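Chains as they are written, first to last, in the numbering used here: chain A, 1 to 681; chain B, 682 to 976.
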């Protein structure tokens, strides 16, 4: 036992205070006059004994309180024999990511892990975890070997991607609760692609000894994979070669130049086959001219026919939904037709014919049912028939979407349909002769998404805005702002649906956006975003999320959502089906989802293609990670006698707790002794 | 004068009389029973006429019926004199909170003087004593007597020890008329000694009343811890523990009071315990009502 701050022991001098108060200080009673001592008797001796007896407990408590407080400040600790095998936690982390499906990697990893488990002393505690997609704890720290073995045996290959950075974060969190030393055995194929961007994410705490157990020995086998597939998620005209083509990229990892046969499979039927020369360690593109699919959902796949060492990544799946072009309702102000012309042209050019624009003046929209349309555009139509506006509100609440653009009419009528706020002001940049440009663009917003926007702000920098309405953003998301920070594009969720608001018009009078190429891309992405067409089909990566319902919906009023995973099972329980906000796509294959509003979706899920690169971490990186000084020791960790090391365990918390208890007892005793006794009648 | 007379107290006792329980001497007609026959409403006896009797007392109706001459005699009623013997020893200055025992005693004495002189036209006198007789105001009904008595009370500051023998000897020597004698004291003395000292006064036909004045802390003392107590008269000090005051002391003081009460009643004296936290008017009214009822 020792003290972290022994100089605080000087405070022990304070122990003299209770000693002085109780033992050294003379009891001085103030003489008290009485009429006569006729009936009194001297009680000195008994009085002294009585006082001492009573105050002895109080003295002991006060003495203990001072002592404990001083000890707490001195921060005592005890040395714990940390080197005892029983005190070391054996942590077995098994990589079950997608790449572990290659060959017998997972089986080998299990065997090695079972061997380590069998070699551990019987009383030593161990814990099993898996690394693949997400970090999972399979058991608590227990010593029962049967349970640990069963947990290891139950590990199945996953489709997720291993990330050593995530492992580092999880172990750092674990070490905050486990004070003792940890022997971490990682059974993995040590993929290079599992390294995080920053090596610091992988660094483990001091009390963790990392023992790397690579299961893939030697150089990685050559592996080809379908790296990516570009295919329409929604198809309205299969005969149109420009819109129904499928483009796939075949990548080779550690491969020589070779010719590969690639097939396009639709609903388990091969409809096209192509030969492609894949360069050494390179990529080749395969294009299938037409995608002839029937109405409804089609489960498609691009597959490399010649097998390799890792056949699981030789195919990439995607879902295509064929339907007639959906109608888009475009409501405009009576005489204004430019906006419909520009928007319709852009939609036709961009959206692969999936949408048909129906233009109507605002005053004629009374009898229209918005639910028959993929989405609705209100072009400067701030005054709507009340019946139509009500129907539109119902439509949005049930999952429909509306794009509102505010033209010059907004200056005369501040109220905006469906939008809580009103127009506060208008900025007429044309009058000043200095049109505004689009200053900030949120490229993560679906309607503005661009993977690599250029220096011209993704094409938005050239757009000149002559007129814009100013309104309170409130709870809406601002996706784009003008150079003077005036919101330009806003998004607000109402019920299940969205309302996207453009604070300028869609014609070329209030801005010159329709004249720029970025307008076509904007209309295309906005149309896809508002119609949710991509949400219902296409392809995703494993471990991505699908939003099942909006966050604002009341849970009590929720309708069940049906999800069927690639194995044909329902991953959501009945309760989750009524309440879950999102679904993690954990398995590769086709997910079938029926949303609350009755719309069906088939979503293809592919593993992250970084898992196809089986190249392991360089040896020096592995040594750096596990620590060069520990590496030698780690090889013999399970068999060699362990050096006796000690760990200081601070007792500060316990001493302070004890001091608190003593303080409470002192208060209770002191109040009992010193309080005014109640007069007995 | 106002210091001793509380209007509330006077209002409480104004309807009551301080009437002597025994036959007392007096010169003028009053409230008290006289040893002589006199002129009053209360018939006493018939007596045969003898030469020299006052013819005014002859019952002429009887003479008309029987032709015999009888005198009709009535009970005589007289005034009395009230003497208050006030203990002004040091122990009377004890207080656990206002008023002091001395003040309480003075209030009682003043109220009784007022009752006797103002209401009943009885003579009233005062003897203030400790171990000596410090003040002696002879009973009188002269104008200004009440003021004199109050001045005597005013000057009666507690000091010295208590000695009952001296004032009573003084009383024996200088007062020969029977009357009402009221002793106001805290009676910190052996009950037998007190009664033995006071009893001769009763034997001479005086109506003797003992007012025992005690402070609430003297009846039920409270000590939070052991304390050193100082005797106000002797200046002796002793250390006392709270347990003692809660048990033995209470038993002793109760026994003292009971003994004093029983001996006083045995000797034909009135005894009344007054605790200074009692409202004075209530205490006096209670005593006077009881006395009237028992008369």
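We treat Cβ as the ideally placed atom computed from N, Cα and C, and that holds for glycine. A quick note: this is a predicted structure, and the numbers were derived from the prediction, not measured.
- A contact between stretches requires three or more CB pairs, one per stretch, nearer than 8 angstroms, and the stretch 210-221 of chain A meets this requirement with the stretch 613-625 of chain A.
- Looking at the DSSP output, residue 511 of chain A bridges to A:465.
- Under the 9 angstroms criterion on CB atoms, residue 57 of chain A is classed as non-interfacial with respect to chain B.
- Taking the Cα of residue 786 of chain B as reference, the smallest distance to any Cα among B:833, B:752, B:762, B:726 is reached at B:833.
- Residue-level contact by beta carbon fails for residue 837 of chain B and chain A, as no gap is shorter than 9 angstroms.
- In the three-state scheme derived from DSSP, where H, G and I count as helix and E and B as strand, residue 259 of chain A is classed as strand.
- Beta-bridge partners of residue 455 of chain A (DSSP): none assigned.
- The DSSP assignment places complete beta strand (DSSP E) segments of no fewer than 3 residues inside the stretch 73-153 of chain A at 76-81, 89-95, 126-132, 134-137, in order along the chain.
- Within chain B, the residues placing a beta-carbon under 7 angstroms from that of residue 37 of chain A are 910, 912, 917, 919, ordered along the chain.
- As summarised for the stretch 873-929 of chain B, the continuous alpha helix (DSSP H) elements at least 4 residues long and confined to that stretch are 897-900, 923-927, given in chain order.
- Per DSSP, the beta bridge partners of residue 277 of chain A are A:259.
- Residue 79 of chain A and residue 6 of chain A have their alpha carbons spaced roughly 16 angstroms apart.
- Taking the Cα positions, residue 255 of chain A is about 22 angstroms away from residue 247 of chain A.
- Per DSSP, the continuous beta strand (DSSP E) segment holding residue 300 of chain A begins and ends at 296-304.
- For residue 537 of chain A, there is no enclosing alpha helix (DSSP H), as DSSP marks it with neither H nor E.
- Nearest neighbour of residue 487 of chain A by Cα position, chosen from A:496, A:476, A:144, A:346, turns out to be A:476.
- Membership of residue 835 of chain B in the alpha helix (DSSP H) is indicated by the continuous run 826-835.
- Within chain A, the residues 35 have their CB atoms less than 8 angstroms from the CB of residue 896 of chain B, given in chain order.
- Using a Cβ-Cβ distance cut-off of 8 angstroms, the stretch 195-211 of chain A and the stretch 286-303 of chain A are not in contact, since fewer than three pairs of beta carbons, one from each stretch, lie closer than that value.
- Counting the other Cβ atoms within 10 Å of the Cβ of residue 935 of chain B gives fewer than 16, which makes it exposed.
- Following the DSSP letters along the chain, one finds residue 592 of chain A inside the beta strand (DSSP E) bounded by residues 589-594.
- Listed along chain A are 39, each with a C-beta nearer than 7 angstroms to that of residue 933 of chain B.
- For residue 440 of chain A, the enclosing beta strand (DSSP E) stretches over residues 436-441.
- For residue 346 of chain A, the uninterrupted alpha helix (DSSP H) run begins and ends at 338-350, by DSSP.
- Chain B has a Cβ within less than 9 angstroms of the Cβ of residue 30 of chain A.
- For residue 416 of chain A, same chain residues with a beta-carbon under 8 angstroms away, outside a window of 5 residues either side, are 382, 404, 406, 410, 422, 423, 471, 501 in chain order.
- Between the alpha carbons of residue 571 of chain A and residue 373 of chain A lies a gap of roughly 32 angstroms.
- Proximity of residue 822 of chain B to chain A, defined by a Cβ-Cβ separation below 9 angstroms, is not satisfied.
- Counting the other Cβ atoms within 10 Å of the Cβ of residue 232 of chain A gives 16 or more, which makes it buried.
- In this structure, residue 125 of chain A keeps its C-beta atom at 9 angstroms or more from the C-beta atom of residue 150 of chain A.
- The count of Cβ pairs closer than 8 angstroms, one atom from the stretch 738-758 of chain B and one from the stretch 914-932 of chain B, stays below three, leaving the stretches out of contact.
- The stretch 249-267 of chain A and the stretch 296-306 of chain A touch, with three or more beta-carbon pairs separated by less than 8 angstroms.
- Comparing alpha-carbon positions, the option among A:420, A:461, A:446, A:227 lying closest to residue 440 of chain A turns out to be A:461.
- The secondary-structure analysis by DSSP pairs residue 561 of chain A with nothing; it has no beta-bridge partner.
- Under the Cβ distance rule, residue 43 of chain A counts among the residues neighbouring chain B, one pair being separated by less than 9 angstroms.
- Looking only at B:930, B:861, B:731, the smallest Cα-Cα distance to residue 750 of chain B is reached by B:731.
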